[in-house]
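Take the numbering used here: the last position of the sequence shown gets the number 1182, and nothing is skipped along the way. Note that the Cβ used here is the ideal one computed from N, Cα and C, for glycine as well. These numbers come from a predicted model, not from an experiment.
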Amino acid sequence: MVAVETPLGGVRVLNIGIGWAGRVASMLLAEQGAEVIEIVRPGREGRLSDTLLDRCKTLVEIDLKEKSTLERATTLGKTANVVIENMRPGAADRLGLDHHSLGGDTSGVVYVSLPGFAEGDVNRSLAAWEGSIDAATGVYTDLSSLGRLLGGGPTYTAIPMASAYGGILGAATASLGLLGYYRTGLGQRFEVPLADAVMSAMALLIAELEGAPARYNFPPLDGAVSKVMMPILRDVREHLTDAHVAEVQKYLGANASPGFNRYECADGRFLFVCAPDHVSQNRAFLQTLGIFDRVISEGMVAETPFSEKNSGNNINVASALTPYWRNRLLTQIAERMKTRPAKEWEAALRDANVPVTVVQTTAEWLKDETLHDGGVTIDLADAQHGVVRQSGRHITIEGASTTSPDVAPRRSDMSLSEWSSPPLARPEVSLEAQRAPILEGIRVLDFSNIIAGPAAGRTLAEFGADVIRIDAPAPQAGPFATMWFGVDVNQGKRAVILDLKTDDGKTALAEMLKNTDVVLHNFLDASARKIGIAHEQLVAIKPDIISCQISAWGGADGGMYKDDPAFDPVLQAASGIMIRYGTPEKPELHGIASCVDYMTGFLAVTGINQALVARAKGRGGSYVRTSLAMGAQLVQFPFMVATSQEQPSSEPSGQFATGAGPGQGLYELADGWIYLGCRPGDEASLAMTLDATKPTVSSIGTAVQKLTFREVQKRVSVLPGASVIPSQTLAQIRSERTREREARDSNWLNTGSFRLCRGEHPSGYVATICEPTWVRPETSPISELAPAPWPGEHTRSILTESGLSEEETDRLFQVGAASSGWSVLRHYLPL
């Protein structure tokens, strides 16, 4: 009988620094069995969220300012396999805890640095508070639909985008570095700037295709409105009254997509539905409500969402609906929703395979026993706080000889000075292998769609994997979800179309699987089994294969919701994000895809990398599972904890929130908005520095409103740990940080945070898209990604490459088991 080990069993991880991002990253490694020692500074103020961030770890209190105790940290660092450093730039060097001082590449240590901003960034040396980073990356200006359209004052969000995305990418990078160690015998230093990590989640919001059809606007507004009227309103925004803004909001509501909206039900609760332009889900939604046949009889049609007729009455092209038909649908849906309580509609619509949820608070989410039974949430006994309800294990890995451990409570050992795990066996050193992308030679078949799964596939391609996207012959989702989203998330892939409902299609897939390392998909269990990609079916063909499933609601133990469909906005609504960003009376979408989807995709990447590490250690293949539910919890980790005495409820919320307090918030100056941050307890000193009468938000706001950025920056510079950073829009970032595709720059790593590339695109439009600057290896290259291809563009060449003869390939095309394109797709982006 083969002994079963944890995926990262025996891996020593040291987390130094006190930032959230490093604690998140090390938690995700600890959840897979790594021995994690976390250095805690003396006198750290305890919070309930520590029970989540510190679980599965050993805490050691070390004062890094004291030479005698610093030596303990240095010894632990020199004997670690992974070091995660989340300090201000230069601090680790001064302490002798930088990568070079701990032994460098030849020591084998994987060193992941998580600075606020990248090398060369104007903000690099400043105190990078959570809000500072979010302000510099468009979070406060562009997540809100109204803010993106109208401009005006930024909207604060309590969601810790920088730490959450920095943490997950830190964990993915550490796992990647470990795989690199097993391939090369060498360590490596990586940098994951938190500002770039945030931008990884904003990639779709900042992307631009010049002259693309208006149907790809979000919100779905006519081109004249979005390109002419809204810019005019932005120019006069300061003169608009609340009544004017309310009228704009009313206009946006009247132009909402009927299948992507919230509706008030009979009990006053809101139900959020997310089935826009989806062939089967949109129909099922209207049929369950009992209005599908009615609107068809009145003159609407249910044609393909790829239709270019622009007839104005196609229920599957919401952006092209005439005002009459849009209003007709919205009115009838609203009337039907009023006839039953929200929970009844939720159950009926989920039974019909429609992605819906009752809009609720985080406290309600944590109390849901069905989520708890599925392992989405767990109860963890903590020595200080008692039983704490919190997020379950974010990634589950299962194989014949490897499995994720149970989540364990934190423990403290203040005298600890050495590791309990024996040293890892040292692989043979290969300098040549280190010069190649770490995932070079790894083949991935990506069956996923929408954003989370495809983003995972694209990220694996960034690390050097050969990623092949496999689509069905006829798309169910519309072109916004398949082609527009794909402009970002399908970069760097080749594209195949196979009909896996046919025996011929399954036979062709079997040939492809023989040379495949990873299969990635977001199918429900029954659907995956139907097309032959359930894990046990894959193992029968390739025993050491790694497969990864991204579900919507699944936890470590599956759960009753596991086979229900959902998308990013549904999980925002269910987990409390929408209410926190808005109010219970008016929940607000926290960005499109930039909240849950990319987070979940990076969870999948982390799990796949960890499974590859386990395979490199001789543990064979495995089955990796994560879900949008786990991503929704991780992105708001400080609030995903509760006890019988303490519930999440006190954080800043609403569209008028400006910060967490006088020393952490957004302020308007004479020349624009800034984020002002200082250390806890320094609010009085900050107020005095700015000539404010009191250390309050209103007093400081009054004191700075006539000052310029330079004036405030100069005054605040005398206060240790304080910083002032301008609030930027994504449009500003795009204009300042874009290069032309033809322009080559070998030194881009030192030019600052973020970079975008502008150039010709297969869509026929000039595209400006984020470059992958979020993970920066010191030695191994990041692959330059080709633009996302047309569906099926490489079907024939890949089938031939997989060993099929020309005659066999021709036959697959003749019987319809393979195709080189979608018959409904006349233009890359349908007009």
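DSSP, reduced to helix, strand and coil, places TYR567 within a helical segment of the structure shown. Between THR867 and ARG794, the C-beta spacing is below 7 Å. A direct Cα-to-Cα measurement between VAL1126 and SER1078 gives close to 24 Å. Assignment of beta-bridge partners to ARG740 by DSSP yields ASP730, ALA993. According to DSSP, GLN1015 shares a beta bridge with GLY1012, GLY1028. Look at ARG1177 here: in three-state DSSP terms it is coil, with no helix or strand label. Distance between GLY1016 and ASP401, taken at the CA atoms: about 23 Å. Counting of Cβ neighbours within 10 angstroms places GLN638 among the exposed residues, the total staying below 16. By the neighbour-count definition (other C-beta atoms within 10 Å, threshold 16), LYS913 is a buried residue. With a contact defined as Cβ atoms closer than 8 Å, GLY906 and GLY743 qualify at about 5 Å.
CA-to-CA, the gap between ASP764 and ASP405 works out to about 13 Å. Judged by beta-carbon spacing, LEU790 lies beyond the 7 Å limit of ALA828, meaning their Cβ atoms are not closer than that value. Distance from the CA of ALA859 to the CA of VAL947, rounded to the nearest whole angstrom, comes to 34 Å. As for any beta strand (DSSP E) of minimum length 3 sitting wholly inside the segment 891 to 977, the runs are 897 to 902, ordered along the chain. Taking every protein chain shown into account, the CB of HIS1178 has fewer than 16 other CB atoms within 10 angstroms, so this residue is exposed. For PHE468, the CB contacts under 7 Å within the same chain, skipping 5 residues up- and downstream, are ASN474, ARG475, ALA479, PRO544, ALA546, SER1104 in chain order. Counted as a single uninterrupted DSSP element, the beta strand (DSSP E) harbouring PHE623 occupies residues 621 to 625.
Under the Cβ criterion (8 Å, minimum of three pairs), the segment 1036 to 1043 counts as touching the segment 1063 to 1080.
Rounded to whole angstroms, LEU527 and LEU1058 show a C-alpha spacing of 47 Å. For a cut-off of 8 Å, the C-beta gap from GLN711 to ILE729 is around 19 Å, too long to register as a contact. In this structure, ALA803 lies away from THR934, with their beta-carbon atoms at least 7 Å apart. A straight line joining the alpha-carbon of ALA732 with that of GLU412 spans about 22 Å. By the Cβ-count criterion, SER377 is buried, with 16 or more other Cβ atoms from all chains shown falling within 10 Å of its own Cβ. Across the structure, GLY641 and ARG687 are spaced so that their CA atoms are roughly 8 Å apart. Pairing ALA548 with LEU520 gives a Cβ-Cβ distance under 7 Å.
Measuring C-alpha to C-alpha distances from GLY1143 to each of TRP1173, ALA597, GLY726, GLU715 identifies TRP1173 as the nearest. Comparing alpha-carbon positions, the option among LEU1180, ILE369, ARG423 lying closest to TRP770 turns out to be ARG423.
Take the alpha-carbon of SER662 and the one of THR721: they are about 44 Å apart.
Annotation: the continuous alpha helix (DSSP H) that includes THR858 extends over 854 to 864. Here LYS865 is exposed, its C-beta having fewer than 16 other C-beta atoms within 10 Å.
Between HIS872 and the set ASP449, SER799, PRO1071, the nearest pair of CA atoms involves SER799. VAL411 is bridged by DSSP to ILE390. The beta carbon of ALA431 lies closer than 7 Å to those of ARG363, VAL364, LEU365, VAL460 in the same chain, with the five residues before and after it left out.
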